[in-house]
Amino acid sequence: MDSDTMSLYDSMDQELSESLHEALACKTCALTDLTKMLYCKHRKAGVYNPLHDPPFKTHSPCSHQILTGGNLDGSNDDNDGVPPKTTQSGPGSIAQPHGYRDIMTREQRKTYFLQIKQYRDRDVNRDVLLARYRVDYHIHLHWMARRGMLALCRNTDDVHDFRQWKWKLANGGVQGGGSNCGPESSSAQGRAMPRGSRARRSNIATSTRRMRRWGWPDDSELFMLYQTTLWRHGWMARRERLVEVNANWARIVKERLRQRRRVTTWKLFWRRGSKTSPLREMEQDLGETFGEEIR
1 MDSDTMSLYD
11 SMDQELSESL
21 HEALACKTCA
31 LTDLTKMLYC
41 KHRKAGVYNP
51 LHDPPFKTHS
61 PCSHQILTGG
71 NLDGSNDDND
81 GVPPKTTQSG
91 PGSIAQPHGY
101 RDIMTREQRK
111 TYFLQIKQYR
121 DRDVNRDVLL
131 ARYRVDYHIH
141 LHWMARRGML
151 ALCRNTDDVH
161 DFRQWKWKLA
171 NGGVQGGGSN
181 CGPESSSAQG
191 RAMPRGSRAR
201 RSNIATSTRR
211 MRRWGWPDDS
221 ELFMLYQTTL
231 WRHGWMARRE
241 RLVEVNANWA
251 RIVKERLRQR
261 RRVTTWKLFW
271 RRGSKTSPLR
281 EMEQDLGETF
291 GEEIR
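Take 1 as the starting number for the sequence shown in UniProt numbering and just add one per residue.
Shown next, in the form of structure tokens:
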């Protein structure tokens, strides 16, 4: 396996580790809308499979690992404290990206199963699979929050613009194209619609009116809803990051100004008779003994 692939796997492991740490230590996410119906829907659609690690589809080159009964209940802790890269080694072994179970520490494993037990105790039916689904959903939510477009939003204006773009994209897809979304194209489509399509056109108009007021389009899995909540709670980290970036940029500008002051520009001309022509321009750093020809 080449070094680029290994570097990709290392970055993925680091991302999974940070998401796992955030989710297990999180005290702000209230996953009250994760019902049995949503769990069954994800199982049927293949979005979630507790036998895979990670259990949710990640849409990445990371291949899912199949868990056995020994590591489903947390009883196999023989490899605790051993780095993931050294758990399986040998001349014929092939490096693979890791799931949550590979990178869990002993304390994280205890916290993971403790949270499953807490969710199970709150459930009237004491459904262990549903409790595990909620914990896995929480971890996957933090992982998506790091990789999603909301992570690029600096303020609420960016979030609103992103939400409106998502709604326009969704409504354009329903109407048969995203490029013609103006009032002229809407009236033309209305004239071209059959008589039986008036109710459908009314539903499209209703969804378009709701795009600035109601949630996110196509968010039946509730990932965007909970990611927005996480984004709101991260306002302090965004402000600290902005201060840090501005300070770094100020240092760069100051250093560049200092460098420009140290540079002297030399212009050489060639003269023949009464005619003078530019020959060469050079820049020389006053702290150096040689010049750099730039033109």
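For glycine and all other residues, C-beta sits at the position ideal for the given N, C-alpha and C. Since the model is a prediction, treat every value here as computed from it, not as a measurement.
Look at residue i and residue j and say whether their C-beta atoms are less than 8 Å apart.
i	j	result
Tyr226	Tyr133	no
Gln164	Val135	no
His138	Leu31	yes
Arg262	Asp285	yes
Leu152	Thr228	no
Arg154	Arg238	yes
Spell out the partners DSSP gives residue i in its beta bridges.
i	result
Arg280	Leu268
Val263	Asp285
Tyr48	Phe56
Lys275	Arg272
Which term fits residue i, buried or exposed, when burial requires 16 or more other beta carbons within 10 angstroms of its beta carbon?
i	result
Phe269	exposed
Gly99	buried
Asp102	buried
Trp167	buried
Leu129	exposed
His142	buried
Thr276	exposed
His233	exposed
Thr156	exposed
Asp161	exposed
Arg126	exposed
residue 296	Residue 296 cannot be examined here, being either before or after the span of the chain that is shown, 1 to 295.
Met37	exposed
Ala45	exposed
Met224	buried
Could you check how far apart the C-beta atoms of residue i and residue j are, in whole angstroms? I think they sit under 8 Å.
i	j	result
Trp216	Val159	Contact doesn't hold; Cβ gap of about 10 Å is too wide.
Ala170	Asp218	6 Å
Leu24	Thr105	About 10 Å; that fails the 8 Å criterion.
Glu15	Arg146	6 Å
Glu255	Thr265	About 19 Å separates the two Cβ atoms, so there is no contact after all.
Val47	Glu221	7 Å
His140	Pro54	7 Å
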